[in-house]
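Beneath this line is the structure, given in structure tokens, with notes to follow.
There are 2 protein chains.
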Amino acid sequence: MPGAGRAAGVRRLRPQPSEEPPAQEEDQDLLLAGAYVSDAQYNRNVPFETSPQAIRLYYFYNHWTMQVAIYFFICVDLSLALFEEPALFPLPFLATSIAEVLCLTAFFGRLVHFAKVTPQMVFWKDTKNICIMVTIVLTLIDLIIYGSLEAVNIHSVRWSRALRPVFLINFPESRQIRRTFRSIRNTLPDILYVFLLFMFSVLIFSLMALKLFGDRGLQTVEGLPYFTNILEIAFELYVLVTTANSPDVMMPAYNFNWWYSLYFITYIIINTYIFMSVFLAVVYNNYRKHLKNEIRKLAYLKRHKMIEAFNILKVKVGTEFVVTEAQWKRLARIVMPHISSPHLELLLRISDEGQKGHVDKMNFLRLADLLNIQVVTINIKRHPLEEWMPRVYQSSASLLVQRMVRHRIFVWVYDVIILINAIFIALDEKNPFISYAEWLFLSLYIIEILLKLYTYEPRAYFGKKQFWNWFDTLIIIAALVVTVANTTIQSARKYNSQQILDIVLILRILRLLRIIVSIQRFRLIVTTLINIGPTILTFGGLVLVVYYVFAIIGMEAFHGKVRFFDPNFTTPDALVCGNPALKDSAFARDRYCKNNFNDLASSFIVLMELTVVNQWHILAGGFALVTHQAAKLYFISFHVVVVILIVNIFIAFILEAFFVAYSLEKSEVETAIEKKIQELGVGIQEEEMQDGKLVDNMDTKDSGFSGDDGDDKRKALKGLYFRIASKKYRTMDALLQQMFESEIAPEDEGPSLDEILNFSPGDIYPKNPNFENSA
Amino acid sequence: MPGAGRAAGVRRLRPQPSEEPPAQEEDQDLLLAGAYVSDAQYNRNVPFETSPQAIRLYYFYNHWTMQVAIYFFICVDLSLALFEEPALFPLPFLATSIAEVLCLTAFFGRLVHFAKVTPQMVFWKDTKNICIMVTIVLTLIDLIIYGSLEAVNIHSVRWSRALRPVFLINFPESRQIRRTFRSIRNTLPDILYVFLLFMFSVLIFSLMALKLFGDRGLQTVEGLPYFTNILEIAFELYVLVTTANSPDVMMPAYNFNWWYSLYFITYIIINTYIFMSVFLAVVYNNYRKHLKNEIRKLAYLKRHKMIEAFNILKVKVGTEFVVTEAQWKRLARIVMPHISSPHLELLLRISDEGQKGHVDKMNFLRLADLLNIQVVTINIKRHPLEEWMPRVYQSSASLLVQRMVRHRIFVWVYDVIILINAIFIALDEKNPFISYAEWLFLSLYIIEILLKLYTYEPRAYFGKKQFWNWFDTLIIIAALVVTVANTTIQSARKYNSQQILDIVLILRILRLLRIIVSIQRFRLIVTTLINIGPTILTFGGLVLVVYYVFAIIGMEAFHGKVRFFDPNFTTPDALVCGNPALKDSAFARDRYCKNNFNDLASSFIVLMELTVVNQWHILAGGFALVTHQAAKLYFISFHVVVVILIVNIFIAFILEAFFVAYSLEKSEVETAIEKKIQELGVGIQEEEMQDGKLVDNMDTKDSGFSGDDGDDKRKALKGLYFRIASKKYRTMDALLQQMFESEIAPEDEGPSLDEILNFSPGDIYPKNPNFENSA
């Protein structure tokens, strides 16, 4: 939205210079701006008529309350599956159907609103909108049919429930999930050929197995005939690719003759190792191409937008076109209404190097990036206690305490305490002495936090990026509250609440994680993992969509076929999960009765187990017994979609993230702006602050509170500075975008808008690949 | 050796110009030359004194018979484990120990020979040589101790057997395996920190599990207490990372309370998915860095050697140093004695563009690459039948047959025949009609081959790279021979030999693979896989080394503890694998008795099953029951070494190979020489020949015999041409090396020799990574 807002702002600068757009939150990184610009471009949801009403409607469409509302309705719609038959919490059909109609109305309203702020042509060309409308209509039809059949007591299938994730995917806010889906769609043709070849190989091996083992009269451990039916063989061999039935599938043949193991070894090398790696390679390669393409698109789109804005505002001074200082400042104020005057002056100093009173094109194009750089005010925040009672805080005893806390021995002492704590936790807590020790540890931790708050400035200690301080304090406070609550309940009612006890235990153990902070190498790995976090959530969304569809299908097909009885029940019915067809099956023998599709939560857990792959053939076999052999197709297709596609994309993503992190460790990436800021001496490297080399009470520090030499620098540094984002804290996308931008020549106008929108991943390869990027 | 030979040749050019080195085989690609040069450089086994005797000794050392002999002794030494207790084919200790001493003598002799052709200083600095000597001494000591103890009937451990792979690794010929080991060694520090963090995470989760589930009194399916011992929990959770005990390990807790599944889901996401991907990322990243570094080293070493040679031979002509044509020719003839005169003239035409009678430095440096480019003579080879009986062969009936065979309908007809054949194979062959059909198919295939041989020139049909033609013919001939043999035996003795029947069946089914050739996309994937083949063999060597060491240790620890009885035996002893400790264990229940360490072959199969991972905890549990719980450490360390390190390197390798293949598909890589050859019009693209666009009876075609327009071009093209290697058939290393070389400026002399030898992978990153190589 900031991007779109900016473009809108630029446009409105001439006709209605007085009107102010609603407050824009300062966006954190370049990517966000780029992404929004691109999205605005995709949707063309920039108001083309500039009437005040249209603009108000547009800003209302983008207002955060509207977005929260739409997400709320999506959540309600998806969670309806919890209340519909087969339900975790049953509700009458009338209630759920009314809720669903409400949601559909909300989605339709949102769509109408969107149509109002978008040119008709563009609106109807967008497949997203068509998708949503079709889904709404289909859902309504399904509801009516189901409702009327239900009224005459005929039970039918609520098939439209599997369409619900369409709403999650197709609203403009789910850009990341859509991007991943696009990436999957583009991978499909390549994957398909490898998959066909792989299936061909499985079939050839199945034929061989049929001929080699079919007539030997061999038996499996369960006493069933071994490898006599070509379809069963193909299934078993497909399972072997997932390794789930290794080595059991080999044992009868191996027991019969030593040499037959060679058949299975060949099969495993070719199909399990080579083909599965090839799948990963195909998925990864495509992911990579696609990522590069999207980022190139974003970078060019941003450039394009900024050039458009420049062309609207430019005036001719001398021989070149420039933007006057006044216009420039007004624009900056419109885009970012809460910008402080010193901040604006600083930006101007960067943009108008020669103090000529105007900004040239090259510097104007950087405006968006410039606004995205955080500016920090370095002024020494004094500790509140120092202000309230300077004499006590500055007394020699107090200073001694502060020096103690700052010393690294203080950290070590607490590391030792944590280790002792770990040993105590491992010991039996039935011993009263040990449960008293728990109180001791808790108070030691609380003392630590209080001491730190005494020594460090509290606002700095709880700074935005002080992940570990927040983590520590929250864990300790939660542990304190829950332990006290538990003790109160225990002494009052002589009763231990299981849930509360569990929470206490988990909190107690999570405290041990703090030891990671003390080891530098560990901290680096964890930081990388935390940076990946947000994108892992995108995968969460993707997995949710796929799981939801499969869960709905699974519930329609398998609900009620397998029932779970209390594990202490040993009636014959309980032993076969309430279904005689499961007698003597591996499913019943392994007590998998609770792995069923009787409600949404159980279905999700079964699907999770299928994702982990192991024993999936037993689950598939069990559900095939209670329904039909064709049920195995459901499980095979789940395996293909989730394990071969989605898990491989996940692995590709982690690989890529780590490669970027590794290659950055050894090199310097700076944008042109950062270089300029450095030259002018108005920037601070975030690393410098993090490593405690600078002042120790700014709100930008990360960890390592052992800065003793902070005092001298503290005096030297005052005033307003740009904060140059640390490499560690940049997201992968932002980094890649910066790298790409630094490769576009400053005067390069980029391809035309249509070209940009039609970039294909294939274009990305250089004509002559060089050594660095191919190995 | 060619590289070393070349360098030696250059050196000897002045002192003894008359002496000729032994015949050098034309080496196939640039890499080989580079690798040899590098190896010569590493080992300094280039004779520094130029006495004829020393040179003879040096050539004798590098003679192929010596290399075959040393490989033979390595094989004998390694296969001794088959004959020593616990033996597959028992031999008395005296026999095996004499064989071992013989091998050791051979190794020592080879080492002494090597010392004679190497400067003392260099020889003693090389850890490889020290390693071999120490291993020889240790093995002798062990043999003596074991022998004397055996003489007084005390059984001790033959520990030195685990050292045998040292010989395989440390002889200079196993360069590739050493390279992979170096790569693993360099990965270790990075892996170690991730592994420690991972173990820390497993421990934290174990503590949590102990507290959450330990006091619940839950039971596993086998009725054992669930999650009560911290060490057992840690083992179970480690197994869960490999997914081998999912979802069984979760079921008791999940049955008890729905919410506990969240604990396991969290664990699986963090440890199984994220940490395992991070391991792959670390291994892959390191593999990549290392590969690049080695290739850079090779390229610079080659450049260095060639400059050295140039400096010896140069004379001043005008203002620049050059090599005279006569010297250049003599050098080429010494390096490649069997070069034909037209070939040499062609090379000269490339090197001496201006026909000035001398070769300048830049062109001289290319000599090695130039000699490596294959030259083909395009002259129309007539079909032998055409020469013997031209009238019959050129008759209209014969021409019709030839046109039929060349037509693509011919290919389609045979594809249909293969499919029908596949259906017949799948049907029951007890039916006599079907077994007669088999004869029909066999004769159809034979007719196909005969027709093709009639139409195409036989030497072209069985050309070097005609993989599928060779495959076809061999399979058919083998099937014919074995089927005839089988029928003879059957009718003579009324007896079906099992082995022969199995081979017939496999051959029959392998024929179906031909269908792959008909589908273009399949052929591409298979070609890439075949190109990777040679390097996969390197992994074979690596896996062999690791498996051998683990097998020897396993045999010492576990042999005889588990015994296999015939599967039809159902005595109580047979059901517990001859060991009462296994009563009621999962190991015995699953009939894993044949998975034991009672001989080398069985051990290798168990280790293969452990590599596939599934059920490894049951194998580990079984062997822990019959020996000691500490036995699990053996299995865990095998998992860490093989699955976390070696399998990940294997995956990394396949990923990289596919990426290179993909990025080449879209781009053109040509070395400077190839460009020049193209400019001069004396080159033929291998692709052109493969796609059947050119003449169809040259010995360089690949597939696709449907060239109808060959006749015209056939006349146009005659004489000597360079064959420009197809992209498809280049190895990955050669490709990467070419890419890198095309980036070294022609006048760049490269760093000094010492700098080259001390390149570290860390140097490889560019100061400012660019967009292409980071994403």
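Line by line, the protein sequences are chains A and B.
For the first sequence, my numbering gives the first residue as 1, with consecutive numbering after it.
For the second sequence, my numbering gives the first residue as 1001, with consecutive numbering after it.
C-beta: ideal position from N, C-alpha, C; glycine also.
Counting only Cβ-Cβ distances below 7 Å, A/V613 has contacts in chain B at T1243, in chain order. Taking the Cα positions, B/D1415 is about 19 Å away from B/I1506. In this chain, A/E320 is not harboured by any alpha helix (DSSP H); it is covered by the beta strand (DSSP E) spanning E320 to T324.
B/T1528 and A/F123 have their C-alpha atoms spaced approximately 45 Å apart. Residue-level contact check: A/R514 does not touch chain B, since none of the beta carbons of chain B fall below 8 Å from its beta carbon. In this structure, A/S206 is the residue among A/N245, A/V239, A/S206 and A/L240 with its C-alpha nearest to the C-alpha of A/N229. Taking a Cβ-Cβ threshold of 7 Å, none of the residues of chain B is close to A/M199; the smallest such distance is about 11 Å. Of the candidates B/Y1393, B/A1234, B/L1224 and B/P1572, B/P1572 places its Cα closest to the Cα of B/R1591.
When rounded, the separation of the alpha-carbon atoms in B/Y1238 and A/L544 is 27 Å. Take B/V1647, set aside five residues on each side of it, and the residues of its chain with a beta-carbon closer than 8 Å to its own are T1611, in chain order. At a cut-off of 4 residues, the continuous stretches assigned as alpha helix (DSSP H) that sit fully inside the segment 1390–1418 of chain B are 1390–1393 and 1396–1406.
Within chain B, the residues whose beta carbon sits less than 9 Å from that of A/E609 are S1246, P1247 and M1250, listed in sequence order. Judged by DSSP in its simplified three-state form, A/Q466 adopts coil rather than helix or strand. By the criterion of at least three beta-carbon pairs nearer than 8 Å, the segment 1271–1286 of chain B is in contact with the segment 1239–1251 of chain B. Not a single CB atom of chain B sits nearer than 8 Å to the CB of A/V152.
Within the segment 1524–1543 of chain B, the residues whose Cβ lies closer than 9 Å to any Cβ of chain A are, in chain order, L1524, I1525, V1526, T1528, L1529, I1532 and I1536.
Per the C-alpha coordinates, the member of A/D142, A/Y61 and A/D77 positioned closest to A/L111 is A/Y61. The bridge partners DSSP lists for B/D1360 are B/V1322. Spanning the alpha carbons of A/H358 and A/E308 requires a straight line of approximately 18 Å. For the 8 Å CB-CB criterion, A/F604 and A/H559 do not form a contact. With fewer than 16 other CB atoms across the displayed protein chains lying within 10 angstroms of its CB, B/S1341 is exposed. Assignment of beta-bridge partners to A/Q219 by DSSP yields A/P225.
Around B/T1187, no beta-carbon contact reaches into chain A at under 9 Å, the shortest distance being about 12 Å. Here the alpha carbon of A/T180 sits roughly 41 Å from the alpha carbon of B/I1423.
A direct Cα-to-Cα measurement between B/V1202 and B/L1240 gives close to 10 Å. Residue pairing by DSSP places B/V1315 opposite B/V1322 in a beta bridge. Along the segment 327–356 of chain A, there is no position whose C-beta sits under 9 Å from a C-beta of chain B. Residues of the segment 584–603 of chain A with a Cβ closer than 9 Å to any Cβ of chain B, in chain order: R589, D590, R591, Y592, C593, K594, N595, A601 and S602. Taking all protein chains in view, the Cβ of B/Y1436 is surrounded by fewer than 16 other Cβ atoms within 10 Å, so the residue is classified as exposed.
Classified as exposed, B/K1316 has fewer than 16 neighbouring CB atoms from the shown chains inside 10 Å of its CB. Along the segment 324–358 of chain A, the beta strand (DSSP E) does not occur as any fully enclosed run of 3 or more residues.
Using a CB distance below 7 Å, the part of the segment 1215–1233 of chain B facing chain A consists of V1221 and I1230, ordered along the chain. Within 7 Å of the CB of B/L1419, no CB atom of chain A is found; the nearest one sits about 12 Å away.
The three-state secondary structure of B/C1075, taken from DSSP, is helix. With its beta carbon at least 8 Å from every one in chain A, B/D1369 lies outside the interface. Residues of the segment 469–482 of chain A with a C-beta atom less than 8 Å from some C-beta of chain B do not occur.
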